[in-house]
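Structure first, then comments.
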Amino acid sequence: HTPCDNLAAKFLKDLIENHYGQSSYGLVIETDKKERIGGFKTMAKGVEVRAGMGKNWRGGDSRTYEVFKHYLDCSHKVMMVSSDTPMIDAKLVVSAFRLLDSMEVVLGPDGGGGYYLIGMAKPYDLFTPLLGERGPYFEWTLKLAGEMGLKCGFTETLADIDYVDDINRLDLDKLEAGWSRTAKILKEIKKA
């Protein structure tokens, strides 16, 4: 095993620990496959786990759009965060929810052309018109939102971890507080 083998699990465990039991919002894990539900339930005891509808995160049959439609049926606001971005803490999520009081869409830019967070109070389809492959999703989403006449608010820029080089953009010592599993494994990867 290499340190990279357990990276996603460390991210997710730290993310759950930072958000579980918050009084101002609930936590749900969305997975793309029903077979993964059991593993996530074991890892995240007490957290709702759901296999989402749709086949792709973006593009035709968008799973992301389905998430917003599903949860906005029973909630006033929904925030979706990426599990590959350390330092998305409760304070940041609460401030993003507050932005939705005056904005239709809230985005958290990741500094690499995408975003780690998106929130809405209504399910606007900012996903199915996008291509399924990697691209400048932040720019494309802003363009679509503009075409739809939607006001967008932004949280701070945080680095996501898609490649080993992305680790260099993080202050790993700052990450220690509240993200100990993630910081430890990223330090191991950086040394390797």
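In the working numbering, the protein residues as written are 9 to 200. All residues carry an ideal CB built from backbone N, CA and C; glycine is no exception. Keep in mind it's a predicted model, so treat the numbers as computed, not measured.
- Excluding residues up to 5 positions away in sequence, 123, 124, 125 and 163 lie with their Cβ nearer than 6 Å to the Cβ of residue 116 in the same chain.
- A distance of 8 Å or more separates the beta carbons of residue 127 and residue 153.
- Cβ-Cβ distances below 6 Å link residue 169 to 92 in the same chain, with the five nearest sequence neighbours on each side left out; the list follows chain order.
- Non-local beta-carbon contacts of residue 86 in its own chain, meaning distances under 7 Å to residues more than five positions away in sequence, involve 76, 79, 80, 127 and 128 in chain order.
- Taking C-beta separations shorter than 7 Å and ignoring five residues to either side along the sequence, the partners of residue 133 in its chain run 73, following chain order.
- Cβ neighbours of residue 51 within its own chain (closer than 8 Å, five residues either side excluded): 17, 20, 21 and 24.
- Listed in chain order, the beta strand (DSSP E) runs fully inside the segment 88-156 are 113-117 and 123-128, counting runs of at least 3 residues.
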